[in-house]
Structure formats: structure tokens, C-alpha cells
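Everything on this sheet refers to the single structure shown next.
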Amino acid sequence: MSATNAGTTPTAPQGKAAVEREALHQAAEGSWPVLPQERNWGTVGLFAVTLSAGIAAWSYSIGGAVSWYLNASMGTFAMIAGALVGMYFVTLAAMPISVKYGIDTIAACKPQYGSFGAAFGIAAQYLSIVGWNCILIILLGRATANILVAGGVIDKVWDYRVSVIVTLVTLAIVYWMVIGGADSVRNNSIWIAVAVTIAGLMVLTVLLVKEGWGTVAAGKPAYASGDLHLDFTLGFEILVATVLSWWPYMGGVMRMGKSSRQALMPSMICLGMITGVVALIGLYASLATGDPDPSVFFVEVLGIWMGVIAIIFIALANIGTAIVGIYASAIGLKQIPALQYRLSYRWTAVIVMAPVIVVCAFFQTVFMAHILTFMYFLGLVFAPICAVQIVDYYLFRKNILHLPSLFDYSKEGRYYFWAGVNPAGFIATGVGFALYYWLLNPVTYAQHFPFKWISASVPTIIVTGIVYALLTRFWIIPMKKGGYGLEQT
Amino acid sequence: MATKDEERAELEALLAERLKLAKDPSYEGELLSSGDQLLLFTIGIIVPIVLLAIGWVVK
């Protein structure tokens, strides 16, 4: 974002101009609201950024996970349906607020969790982005090592070490790109989006031509329970849960768009449906080869030379997604008052990337062994958050927030509640956690009976929303907390 | 050379100025219309229900 976009006056003293530039810097890379005239991502820019984020190698892992339960035809329908449902709730919860006020996702959750309680959203955002970035970067490292082993370039005993080295080099590249800020995200994403779209179609075509639909369709799910209905719901739930984790990404990207209408299709199609579509590559390849690990089946299906092309595709896609994620998470961290002025954007990016570096360097195998647990936890965490945000914004606040209170941490701020925390938001979210955990245990994968009929994320959203509505209506509003009823003032 | 506190105070004043600008409704991004909401509901709920039904039938 250039200084000219902010309307800096030519007569302003140099010192003032410098502060003005800093203000712009804060608005684009920090937590301040971005005004409409500064939201310079047009429809093409939004499509490009969301497409490059949506086409990511984590989708291969998602498809691989679904292949444990479903065959190709049922998996295809369950995955696309799950991706759209998950994205519906995320879009409804996060997109209109960010577009209307030019704010990121964390600022947007202060009215529900409180001015200080919104740190919970920061933690959820931070951990999910760390988790996804670990998957992205580790997949790239392992796939590269597998290609080198298959090509005889390195011995099998070196593959883990090579994987670690590749991941660390990739992280260095990602850091270099992400410190460029908002313009860096947009400019890099445009060419990455074009490249990954072409490469993704190529990979899918080669997969079907080489293996044939017959092989893919005949593939048997490795861990099918024998109850087709249950497996169908599990496949659906994996997509709903994982797509819900777009929540933290939404504000950082969508606030640069000019209208909700402009952002609607990029959100639903480029983030939601594309996640399901790209995951189909993982599903089909996994069913064809019997190995759900994308770093293995890419080499197995495509061979050495096509595998090299696939690695380039994975590298482009992953770097694009990683920079968008780190950018969104850095904006979230800068919502913490202590970091807002004291920590530079570069150091904020380092904080976001540090756990990824540690996992990539020391815990690759352990992390990847628990990938499905991570995916279910995303549903457990983000389904209640979306529910609380939807009910609060549409039902109680009538699409109106008090912008100054989003940046006011004093008792005078409308979103201060009690000590900066809205207990209704946390109680309702806690009930949502418990319900999800009971319906589908993310650690043991055990489910209770209603799960196969109603899944886990969707009922969690409904129940959490009802609990939040009751608590707000009969407790928070009568106590005159939260600024309810003051929307027009 | 401004101290950190001075810099912060100046930035906070700029934030206040920015928030004042944002108070004007014309500074707000456009909301979803009823038609947009309907489109969103169709893509996000109706279409998935149809897809799930088809998936269950074709198995």
C-alpha cells in the first residue's frame, strides 16, 4: 500500500508525513481499520489471493484422511458438500464484518469475547495457522526428500535430514516474502495463483490418465468402519472441520476488498470449494496407491520427472498459502496492546514462524502422525467461535459495531464487559467444545450415536448459538454490559 | 527525534482521527443484500444437501 492512498497532503511537514506513513503501515500490517479508499484489492486481486490460499498442499492431506473412510464417488460428494457448509458458516461469521469496517478477524471478535477476551481468538488463530503451516512445509520437505531418494540422488537413510533442511530453507524464503507486507501478499499471490491453477489441473489430469478412473473408483478405504452412513458423515465432518479453520484468515484478506458482494464468491469458491476440489487429488491418489501420505503418493503415481513438477507445484502453492497465513496471524498478534507499538512487523512474523521452525526441525514425524487429530480440533475450536459471532452480530447487534470501542481497552469501551471479558462468549464456547468432544472425540476418534446423523460441527454451531443467545438475552443485556442497544449512538 | 512515548501518543492521535473518519457511513464497505444472502445460503446449505443426497444414492 503506498502513501498516496491515504491522502497524505503535499504540504505536510516531513515529520508528519513520516508518521502518516507509519500510520498507513500500521493500518495495512497492524490492527487499525483500513478505510475503503485504501482497500485496493479489486475483484481480480481478491480472487487471486484467495485462490492461491485455497490451492494448498494441506488439501492433499485432507483428501488422504477422507480416503480412510470413503471410496471415490461418496468421498467426492461428501468432501465438496462439507467444504461448502464449513465455508458458509465462516463467511457468514467473519466476512461481512471485516469488509464493512476494514478490520481483521480478531478485532471483529471483541464484541463477543471482550476487549481483552479476544486474546482467545488470537490464540486460536495463532495455533491453527502454526499447525497448517507445519503441514504445508513438512509435506514439501518430505516430498522433496522422497523424490531425491526415488531418483537415486540421496540414500534412504538421508531422507529425514534432507526433509528437515528443505523445510528450514523454505521457511527462510517464506519469511523473506512475508516481511514485504500487504502488497507483498497480493503481488506474490497473483502469479502464484496462476501457476498453481495450471499445475494443479496438470497433476489431476496425469493422475487420472495414468491410473485411470477404474483404479481410483475400485480403491477401498483403509479404515472403513463397516457402517457406510457413519463413514459418510466422517468424510463430511473432516471437510467441515478443516474448512472452518479459514476463520482466522478471513479478516486479514477480506478487509482489503471493497464490498461483501465482491468478497462473497472468492470466499465460497476460492477458499471453500477449492479446498474440497484440490482435496479430491489426495482422495483419488490415496485410493489408487493405498498410501494417504501425499509426499509418498506423488512420487508413486507420477514417477520421478512428473514428481519433480509436482514438487514445484507444492512449493508454489505452499509458499503462497504460508505467506497469507503468517500475514493474517501477524495482524492478529498486533492486536495485543503490548505488541502493537513495541514489536516490529518483522519480529511479529518471527513469533508466528518460530513454532513452525521448531516442529519442522525436531518433531516432523510425531506431528504428521497426529494430523487427523489436528483436523478435528479445528472443528472443535472454530465451530463455537463462528456460532457466537454469527448470533451476536446479526441477532443482537443488527450488523452494527461501535468501531472506537474495538480499539478501546478501558472500562469506557462498550466491549469491556467485566475486566475486558464477556463470560457469555466463553461459557457458550465451552459448551460448544464439550458438545463437539462428546459427539466426536478428536483424540480417540470415538463418536456417540447422534454423530452419524447430525455430524459434529453443525450441531455444535447450532447449540453454541442458542446458549450464547440465551445468556446474552437473559444475563448480559439486563446487566447493561456489552453496549447492546446502543448501536445507533 | 521523537521518543517512543511521543511517537505512541502521535500514533494514537492518528488512530483517533482514523476512527473519526470511519464513523461516516460512507466509509463503510457494502453489506450483503438479501439476494446475496440467498445466494450464500443456496451455495452453502442447499447445494451441499443436494450433493450429500446424490452421494448417498450413487454410493
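Residue numbers (our numbering), protein chains in the order written: chain A, 1 to 489; chain B, 1001 to 1059. Even for Gly, the Cβ is constructed at its ideal location relative to N, Cα and C.
Short CB-CB distance (under 8 Å) between residue i and chain B
| i | result |
| --- | --- |
| A/Phe-407 | yes |
| A/Ser-329 | no |
| A/Ala-23 | Any reading at A/Ala-23 needs caution, since the residue's pLDDT is 44, under 50, leaving its predicted position unreliable; the model's value is listed next. Yes, its Cβ sits closer than 8 Å to a Cβ of chain B. |
| A/Gly-483 | no |
| A/Met-256 | no |
| A/Asn-441 | no |
| A/Pro-221 | no |
| A/Pro-450 | no |
| A/Ile-311 | no |
| A/Leu-204 | no |
| A/Asn-399 | yes |
| A/Phe-66 | The displayed chain sequence assigns Val, not Phe, to residue 66 of chain A. Answer no: the Cβ-Cβ gap between A/Val-66 and chain B never drops below 8 Å. |
| A/Ile-80 | yes |
| A/Pro-96 | yes |
| A/Phe-382 | no |
| A/Leu-46 | no |
| A/Pro-404 | yes |
| A/Pro-10 | Because A/Pro-10 carries a pLDDT of 35, less than 50, the predicted location of this residue cannot be relied on, and the following value inherits that uncertainty. Not one chain B Cβ lies under 8 Å of A/Pro-10. |
| A/Phe-232 | yes |
Residue i and residue j closer than 8 Å at C-beta
| i | j | result |
| --- | --- | --- |
| A/Val-49 | A/Trp-41 | yes |
| A/Ile-323 | A/Gly-151 | no |
| A/Ser-259 | B/Gly-1035 | no |
| A/Leu-280 | A/Gly-86 | no |
| A/Thr-464 | A/Ala-53 | no |
| A/Tyr-126 | A/Leu-333 | yes |
| A/Ile-129 | A/Pro-248 | yes |
| A/Ile-461 | A/Ala-387 | yes |
| A/Ala-143 | A/Pro-294 | yes |
| A/Tyr-88 | B/Ile-1045 | yes |
| A/Met-353 | A/Ile-314 | no |
| A/Leu-401 | A/Pro-111 | yes |
| A/Ala-81 | B/Leu-1052 | yes |
| A/Cys-109 | A/Phe-367 | no |
| A/Leu-84 | A/Met-268 | yes |
| A/Met-273 | A/Ala-263 | no |
| A/Ser-59 | A/Thr-289 | no |
Proximity test, Cβ basis, 8 Å: residue i and chain A
| i | result |
| --- | --- |
| B/Pro-1025 | no |
| B/Ala-1009 | no |
| B/Leu-1052 | yes |
Per-residue contacts from residue i into chain A (C-beta, under 8 Å)
| i | result |
| --- | --- |
| B/Leu-1040 | Tyr-88, Thr-91, Leu-92, Leu-264, Met-268 |
Contacts of residue i in chain B (Cβ-Cβ under 9 Å)
| i | result |
| --- | --- |
| A/Ser-260 | Gly-1029, Glu-1030, Leu-1031, Leu-1032, Ser-1033, Asp-1036 |
| A/Ser-73 | Gly-1055, Val-1058, Lys-1059 |
Within chain B, the residues that residue i reaches when beta carbons sit closer than 7 Å
| i | result |
| --- | --- |
| A/Trp-32 | Leu-1015, Arg-1018 |
| A/Leu-84 | Ile-1043, Gly-1044, Val-1047, Pro-1048 |
| A/Phe-426 | None at all; the shortest Cβ gap to chain B is about 27 Å. |
| A/Phe-77 | Leu-1051, Leu-1052, Ile-1054, Gly-1055 |
Contact list for residue i against chain B, beta-carbon separation under 8 Å
| i | result |
| --- | --- |
| A/Gly-35 | The residue you asked about is not Gly; residue 35 of chain A is Leu in the sequence shown. Within chain B, the residues near A/Leu-35 are Arg-1018, Leu-1021, Ala-1022, Tyr-1027. |
| A/Tyr-101 | Ala-1022, Glu-1028, Gly-1029 |
| A/Phe-236 | Leu-1052 |
| A/Pro-248 | Those within 8 Å of A/Pro-248 in chain B number zero; the least Cβ separation is about 19 Å. |
| A/Phe-474 | Within chain B, no residue comes near A/Phe-474; the closest Cβ sits about 28 Å away, beyond 8 Å. |
* Asked: What runs of the alpha helix (DSSP H), each 4 residues or longer, lie entirely inside the stretch 358-404 of chain A?
  -> 364-369, 371-390
* Cβ contact check for the stretch 62-82 of chain A and the stretch 94-103 of chain A: 3 or more pairs under 8 Å -> no
* Asked: Going along the chain, which unbroken runs of the beta strand (DSSP E) with 3 or more residues stay wholly within the stretch 148-173 of chain A?
  -> If we require 3 residues or more, the stretch 148-173 of chain A turns out to have no beta strand (DSSP E) run fully inside it.
* How do the stretch 214-222 of chain A and the stretch 55-73 of chain A stand: do at least 3 beta-carbon pairs fall below 8 Å, yes or no? -> yes
* **the stretch 468-479 of chain A in contact with the stretch 421-435 of chain A per 3-pair CB rule at 8 Å** => yes
* Counting pairs of beta carbons, one from the stretch 353-365 of chain A and one from the stretch 158-173 of chain A, are three or more of them closer than 8 Å? -> Taking 8 Å as the limit for Cβ pairs, the verdict is that the stretch 158-173 of chain A does touch the stretch 353-365 of chain A.
* To do: Return the chain-ordered ranges of every alpha helix (DSSP H) run that is complete within the stretch 324-351 of chain A and spans a minimum of 4 residues.
  => Whole alpha helix (DSSP H) segments, 4+ residues: 337-340.
* the stretch 292-306 of chain A touching the stretch 112-123 of chain A, judged by at least three CB pairs closer than 8 Å -> no
* contact_flag[the stretch 373-387 of chain A, the stretch 442-453 of chain A] where n(CB pairs < 8 Å) is 3 or more -> Output reads yes: the stretch 442-453 of chain A touches the stretch 373-387 of chain A.
* Asked: Are the stretch 408-424 of chain A and the stretch 154-163 of chain A in contact at 8 Å, needing three or more beta carbon pairs?
  -> no
* Could you tell me whether the stretch 229-245 of chain A touches the stretch 263-282 of chain A, using the rule of 3 or more Cβ pairs below 8 Å? => yes
* Asked: At which residue ranges does the stretch 270-334 of chain A contain complete alpha helix (DSSP H) runs of 4 or more residues, listed in the order of the chain?
  -> 274-289, 294-333
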